[in-house]
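Residue numbers (the working numbering), protein chains in the order written: chain A, 1 to 238; chain B, 1 to 238.
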DNA sequence: TTTTCTCCACTTGTATGACAACATGATATA
DNA sequence: TATATCATGTTGTCATACAAGTGGAGAAAA
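#1: On the CB-based measure, 16 or more other CB atoms within 10 Å of its CB, does residue 142 of chain B come out buried or exposed?
#2: Using a Cβ-Cβ distance under 8 Å, would residue 55 of chain B count as near chain A?
#3: Report the CB separation of residue 167 of chain B from residue 144 of chain B in whole angstroms; it is logged as a contact under 8 Å.
#4: Give the residues from the segment 92–109 of chain A that approach chain B closer than 8 Å (Cβ to any Cβ), ordered along the chain.
#5: Pairs of beta-carbons, one from the segment 16–32 of chain B and one from the segment 25–40 of chain A, closer than 8 Å: are there three or more?
#6: Who are the near neighbours of residue 11 of chain A in its chain, counting only those whose CB is closer than 6 Å to its CB and skipping five residues on each side?
#7: With 16 as the cutoff for other CB atoms within 10 Å, does residue 164 of chain A come out buried or exposed?
#8: Whose C-beta lies closer than 8 Å to the C-beta of residue 64 of chain B among residues of the same chain, with five residues either side of it excluded?
#9: Using alpha carbons as the reference points, say which of B:132, B:91, B:17 lies closest to residue 227 of chain B.
#10: Which chain B residues sit within Cβ distance under 8 Å of residue 52 of chain A?
#11: Between the Cα of residue 154 of chain A and the Cα atoms of A:39, A:213, A:196, which residue gives the shortest distance?
#12: So is residue 156 of chain A buried or exposed if we call it buried at 16+ other beta carbons inside 10 Å?
#13: Quick test of your reading: residue 94 of chain A and residue 146 of chain A, contact by CB under 8 Å. State the CB separation rounded to the nearest angstrom.
#14: Taking the alpha helix (DSSP H) that residue 20 of chain A belongs to, which residues open and close that run?
#15: Cβ of residue 62 of chain B within 8 Å of Cβ of residue 117 of chain B?
#16: Mind checking who residue 73 of chain A pairs with in its DSSP beta bridge?
#17: How big is the Cα-Cα spacing for residue 115 of chain B and residue 130 of chain B?
#18: Across which residues does DSSP place residue 32 of chain A in a beta bridge pair?
#19: Give the secondary structure of residue 156 of chain B by DSSP, where H, G and I count as helix, E and B as strand, and everything else as coil.
#20: Which residues mark the beginning and the end of the alpha helix (DSSP H) in which residue 130 of chain A is found?
#21: Using a cut-off of 8 Å between C-beta atoms, extract the partners of residue 143 of chain B located in chain A.
#22: I'd like the list of long-range same chain contacts for residue 15 of chain A, defined as Cβ closer than 7 Å, with 5 residues on each side in sequence excluded.
#23: Helix, strand or coil for residue 208 of chain A? Go by DSSP, reduced to three states.
#24: For residue 199 of chain B, I'd like the list of residues in its chain whose CB is within less than 6 Å of its CB, leaving aside the five on either flank, ordered along the chain.
#25: Between the Cα of residue 67 of chain A and those of B:208, B:41, B:124, B:9, spot the shortest distance and give me the residue it belongs to.
#26: Give a yes or no on whether the C-beta atoms belonging to residue 220 of chain A and residue 125 of chain A are separated by under 8 Å.
#27: Does DSSP put residue 46 of chain B in a helix, a strand or coil?
#28: Given a limit of 7 Å on CB to CB distance, which residues of the segment 59–74 of chain B reach chain A?
#29: Does DSSP classify residue 227 of chain B as helix, strand or coil?
#30: Can you list, in chain order, the residues of its chain with a C-beta nearer than 6 Å to that of residue 209 of chain B? Leave out the 5 residues immediately preceding and following it.
#31: Can you tell me the Cβ-Cβ gap for residue 203 of chain A and residue 211 of chain A, rounded? I've got them flagged as a contact below 8 Å.
#32: Which residue marks the beginning of the alpha helix (DSSP H) containing residue 104 of chain A, and which one marks its end?
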């Protein structure tokens, strides 16, 4: 059996490990999981960790437990989306990459399909965003709302749903978006972001689908580069 | 004599209690939950119970916890993506559009990043798919497995997750993919699909990211057209 | 022999105390 | 004022103990 390395919480790792073993059939539906003591022995973790992991899988409906008997794998191996871990820097880059795929198309559809109501909504969100454009902290929510409005204007509910899902994962960890206050390129960085937003906004307003796609793709590509620089001790993201 | 109403475990009761408080707005999205010690005091249970309850809600995506800070309520509506209704024809078109956004990029990344193992996996899936290429019924699962292998080869877990989620939604309704047996263009239709798959496969194998993107985009665009024609009493999809 | 009962080992559920890791704000220091 | 340090509160992990439920081995009774 594998040895757990402490990069994220032990219980989260164990959840992933057990989920994997269930997914690949090592533990099939109906099977009994090893007892808590056995898992403690195999993975060299405390009972707390084991119990929290099992508790999580039970909440997911993957396991059912019976006192005095054991934990059993259900046939409900339904796919759910993994939670987002902001400490995993690789995951952050993957998330930005994923957003680029989705939001680029959403922006294109928004430009092609936006109604008058969408335009009013987008204008409100964009103005709100502009008024906070140079405040890296107050910047997070308006930015998200702007992206959300674009997804809404795409008139495809799946783009909106996935955007809401992503926001629910990212927003609580807003510290990611905070910049070091003494950073010299703060202003130029924020101005650059705002310029990207403006280009994107105008493309959607004018109904330029290809332009909107290009603007969004550039915006998120630059986000990725900024975040990569942050890893090297540089600027912030977005 | 067994209890007729087996008392639920304390942690399960607490999960229900907290879920209720969140549902009725006592704790709104973004709010911080009371600390573990506070919950211990309020409900007169051990820390074990509190932690297991929180662990369960976290697995549900309703909470996120940050060490040293607290537990926060997420936008729980974003966690579970809405179920897919295959009878809603507009939803099907939207889903195909959504898949085009995701899978096009996934194909591009797969072409750029595929390893030797990915290539073996892709070849196996493609061969399997080819052997069923002219059987519209046996065609569904291999087709999905092929698309799944591409998402896996993108080496971005989010593409894989969303693909698994989509598959879990669509696959059970595989009747969608069945063609009327007396349809004259069956063969040409299936041959066209297979040709698209082959172009896609070869682009990924040869590491041609742009070619893979284009092939996947065309593939799903054609799927959309085929499905649109189906609505007008024409051919099948995929 | 067959049936029934009791007891025991093992399992999960709960409680408690301790310490580590982390974040934040207050305080002291330059 | 700006910086560094520390105190405090929070979640994460470990360890131990006991309660409660289950099932089987083996004794006891028929």
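Ideal Cβ positions, reconstructed from N, Cα and C, are used throughout, including at glycine.
Taking the geometry as given:
#1: That one is buried.
#2: For residue 55 of chain B, at least one C-beta of chain A is nearer than 8 Å to its own C-beta.
#3: In this structure, residue 167 of chain B and residue 144 of chain B form a Cβ contact; the two beta carbons are roughly 5 Å apart against a cut-off of 8 Å.
#4: Residues are counted here when their Cβ sits less than 8 Å from a Cβ of chain B; for the segment 92–109 of chain A these are 94, 95, 97, 98, 100, 101, 102, 104, 105, 106, 109, given in chain order.
#5: The segment 16–32 of chain B vs the segment 25–40 of chain A: no contact.
#6: Within the same chain, residue 11 of chain A has close Cβ partners 49, 52, 53.
#7: Residue 164 of chain A counts as buried, since no fewer than 16 other beta carbons sit within 10 angstroms of its beta carbon.
#8: Once the five neighbours on either side are set aside, the close Cβ partners of residue 64 of chain B are 58, 71, 72, 74.
#9: Taking only the C-alpha atoms, the option nearest residue 227 of chain B is B:91.
#10: Within 8 Å Cβ-Cβ: 51, 52, 55.
#11: Closest by C-alpha distance to residue 154 of chain A, out of A:39, A:213, A:196, is A:213.
#12: Around the beta carbon of residue 156 of chain A, a 10 Å sphere encloses 16 or more other beta carbons of the protein chains shown; the residue is thus reported as buried.
#13: About 22 Å separates the beta carbons of residue 94 of chain A and residue 146 of chain A, which is beyond the 8 Å limit, so they are not a contact pair.
#14: Where residue 20 of chain A is concerned, the enclosing alpha helix (DSSP H) stretches over 10–23.
#15: In this structure, residue 62 of chain B sits away from residue 117 of chain B, with a CB-CB distance that is not shorter than 8 Å.
#16: The partner list for residue 73 of chain A (beta bridge, DSSP) reads A:63.
#17: Those two C-alpha atoms are separated by around 22 Å.
#18: According to DSSP, residue 32 of chain A bridges with A:72.
#19: Residue state, collapsed to three classes: coil.
#20: Residues 116–131.
#21: Chain A residues near residue 143 of chain B: none, gap ~18 Å exceeds 8 Å.
#22: If the five residues before and after residue 15 of chain A are omitted, its C-beta is found closer than 7 Å to the C-beta atoms of 53, 56, 57, all from its own chain and listed in chain order.
#23: Coil at residue 208 of chain A, not helix or strand.
#24: These residues qualify, in order along the chain: 215.
#25: Cα-wise, what sits closest to residue 67 of chain A is B:9.
#26: In this structure, residue 125 of chain A does not lie closer than 8 Å to residue 220 of chain A by Cβ.
#27: Assigned with DSSP and collapsed to three states, residue 46 of chain B falls in coil, not helix or strand.
#28: Here the close residues are 59, 60, 61, 64, 72, 74.
#29: Correct three-state label for residue 227 of chain B: helix.
#30: Within the same chain, 108, 111, 112 come within 6 Å of residue 209 of chain B by CB-CB distance, once the 5 residues on both sides are set aside.
#31: So it is a contact: roughly 4 Å between Cβ atoms.
#32: Membership of residue 104 of chain A in the alpha helix (DSSP H) is indicated by the continuous run 89–113.
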